[in-house]
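Below: one structure, written as C-alpha cells.
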C-alpha cells in the first residue's frame, strides 16, 4: 500500500491545518505503509518537515526561486516569452508528475482553505491519473468561485471517495457557495497538542490574565481587534493582562499597535510556546478574535485545560462553545463586537472557573482521542474502492467551459 499526501500550504512554514495529515503519515509509516508527500511550494526549513522526511516519507517540491533550474529558466524566458512560459509551467507541474509516477494507491489532498485552490486544481487536472482520492478542508470557504472553473471543481469534488471537513459550518458554507450537495462529506476532528486531557488547576493570580494563541496574522486571527477593544477607557480603569502567543508576518505591526494604543504595560507578545499546558497554568481565559476560522485547535486545547473561551462567532467555533455556559461569543468580528463580548465576560469573571470546568466536560465529549487512526482507517477504506475520478479530458473541458 502506498498513500500519497498533497499539501496546499503556501505562505507559512507550517500550520495547524497540516497536523492531522502529518500525524497520519507517521502512523502509516509505523504500520509499514509507503508514504509520499507533494507540496505546491518549495521546501522550507521546519522541524516537522525534517522529522517527517527522516521517518521515511518521500517529499516532492517545486524548485526554489534561487535554484539553478529556476535561474536558467528565467534567463531563457527573457529571450522568449513563450519559451519562458513553457519552462515555468513544466517546473510547476514537475513535482506532481514525479509524485504520481511514484504510483500512490490513494491520494489525500490537504487543503488549508475551504476548497481546492484554483492553482492546485489546475495542476491536478493536468497531472493526476485516475485513482481514489480524498480531500480534507480546514477553513471556511466564503466566496463564490468563478463560473469558469466552478463546474469542473464540483465534478472533481463529487468524484472524491471522501470529503472531510473539520467543522459542519465549513461543510455548509462550501455547499452553499458551490450550490451543490456533497454526499461524500463527513466531519473529522483535528489532533490536539496535549498528551493528556486532564484540566489544569485554576491560576492563583488575582489579576485576570487573557491569552491569545495563534499565528500572528491579523487578516485571519484578528489580534488587532482584541487590542483595539482593550484600549477603551473602561478597560484602562481595570486590572488585567493579555499575553499574545505565536509567530508570523504581523509581529512588528502588532508591537507597534500595542504601543499606539498605549498598552505596552498590559499586552505582551510572547512568541511561540510548544508546551500548551504552560500557557494555561498562568492564564484564565482564551481570547479568540478571529475574522476567519473553522475549528481552531487552540480552542479545544484551552477547553481541555479547563479554560473558558471569549471568541468571535465565525466558522465552526459555535459547534464547540455554548454561549454563556463555557464561553462567550461575539455577534460580529469587529472591534466593537469583540469589545461587547469582552464586557459580558468581564461582568461574569467570577464564573470563569466554573465555566472552565464546563468547557473541559464539553471538549472531552467532542474531541477525537485518536484522529490519525480515524483518518488512516478512512484512507485505507477508500483505497479498496475503484476510482471514481472522471477522465482528465472531462475535467479539462469542464474547467474551460
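In my numbering, the protein residues as written are 2 to 402. The C-beta atom is built at its ideal place from N, Cα and C for all residues, glycine as well. On a predicted model such as this, the values are computed, not experimentally measured, just so you know.
Within a Cβ cutoff of 6 Å, which residues of the same chain sit near residue i, ignoring the five residues on either side of it in sequence?
i: residue 296; result: 167, 168 and 317
i: residue 181; result: 155
i: residue 18; result: 113 and 139
i: residue 110; result: 7 and 136
i: residue 56; result: 27 and 30
i: residue 2; result: 34 and 106
i: residue 40; result: 8 and 62
i: residue 243; result: 211 and 268
i: residue 359; result: 326 and 327
For residue i, which residues in the same chain have their Cβ closer than 7 Å to its Cβ, ignoring the five residues on either side in sequence?
i: residue 383; result: 107, 133, 135, 162 and 163
i: residue 54; result: 60
i: residue 386; result: 133 and 162
i: residue 128; result: 94, 97, 98 and 101
i: residue 119; result: 150
i: residue 253; result: none
Between the options, which lies nearest to residue i when the distance is taken from Cα to Cα?
i: residue 115; options: 46, 186, 359 and 50; result: 186
i: residue 314; options: 304, 303, 302 and 289; result: 289
i: residue 226; options: 362, 336, 99 and 23; result: 336
i: residue 43; options: 10, 27 and 16; result: 10
i: residue 321; options: 5, 298 and 340; result: 298
i: residue 282; options: 223, 111, 200 and 189; result: 200
i: residue 100; options: 304, 294, 7 and 209; result: 7
i: residue 20; options: 326, 366, 192 and 143; result: 192
i: residue 1; options: 46, 41, 26 and 88; result: In the structure displayed, the chain extends from 2 to 402; residue 1 sits before or after that span and is not available.
i: residue 351; options: 208, 143, 63 and 172; result: 208
i: residue 309; options: 327, 323 and 302; result: 327
i: residue 236; options: 165, 218 and 266; result: 266
i: residue 117; options: 175, 170, 15 and 148; result: 175
i: residue 179; options: 302, 190 and 149; result: 149
i: residue 216; options: 14, 4 and 5; result: 14
i: residue 325; options: 173, 349 and 22; result: 349
i: residue 259; options: 239, 228, 125 and 238; result: 228
i: residue 293; options: 238, 340, 170 and 379; result: 170
i: residue 183; options: 157, 206 and 189; result: 157
With residue i as the anchor, note down where its alpha helix (DSSP H) starts and where it stops.
i: residue 154; result: 148-159
i: residue 128; result: 119-128
i: residue 220; result: 219-222
i: residue 304; result: 298-305
i: residue 341; result: 336-348
i: residue 277; result: 277-281
i: residue 483; result: Residue numbering for the chain in the displayed model covers 2 to 402; residue 483 lies beyond these limits and cannot be assessed.
i: residue 381; result: 372-384
i: residue 244; result: Counting along the chain, residue 244 falls outside any alpha helix (DSSP H), though it belongs to the beta strand (DSSP E) covering 242-246.
i: residue 171; result: 169-179
i: residue 44; result: Counting along the chain, residue 44 falls outside any alpha helix (DSSP H), and DSSP gives it neither H nor E.
i: residue 322; result: That residue, residue 322, is in no alpha helix (DSSP H); it is neither H nor E in DSSP.
Buried or exposed for residue i, please, with buried defined as at least 16 other CB atoms from any protein chain shown within 10 angstroms of its CB.
i: residue 103; result: exposed
i: residue 342; result: buried
i: residue 91; result: exposed
i: residue 196; result: exposed
i: residue 140; result: buried
i: residue 220; result: exposed
i: residue 105; result: buried
i: residue 275; result: exposed
i: residue 263; result: exposed
i: residue 49; result: exposed
i: residue 144; result: exposed
i: residue 279; result: exposed
i: residue 261; result: exposed
i: residue 47; result: exposed
i: residue 130; result: exposed
i: residue 222; result: buried
i: residue 232; result: buried
i: residue 151; result: buried
i: residue 45; result: exposed
i: residue 51; result: exposed
i: residue 5; result: buried
i: residue 374; result: exposed
Less than 8 Å between C-beta atoms, sequence neighbours within five positions excluded: which residues of the same chain meet that for residue i?
i: residue 203; result: 285, 307, 354 and 357
i: residue 345; result: 329
i: residue 256; result: 270
i: residue 426; result: Absent from the model: residue 426. The displayed extent of the chain is 2 to 402, so no value can be given.
i: residue 365; result: 198 and 305
i: residue 272; result: 246, 247 and 248
i: residue 16; result: 10, 113 and 216
In terms of residues, what are the limits of the beta strand (DSSP E) holding residue i?
i: residue 368; result: No beta strand (DSSP E) contains residue 368, which DSSP labels as neither H nor E.
i: residue 37; result: 35-40
i: residue 272; result: 268-272
i: residue 186; result: 186-188
i: residue 112; result: 107-112
i: residue 210; result: 210-214
i: residue 310; result: 310-313
For the structure I just gave you, are there three or more beta carbon pairs, one from the stretch 237-253 and one from the stretch 316-335, closer than 8 Å? With the cut-off at 8 Å, the stretch 237-253 and the stretch 316-335 do not touch.
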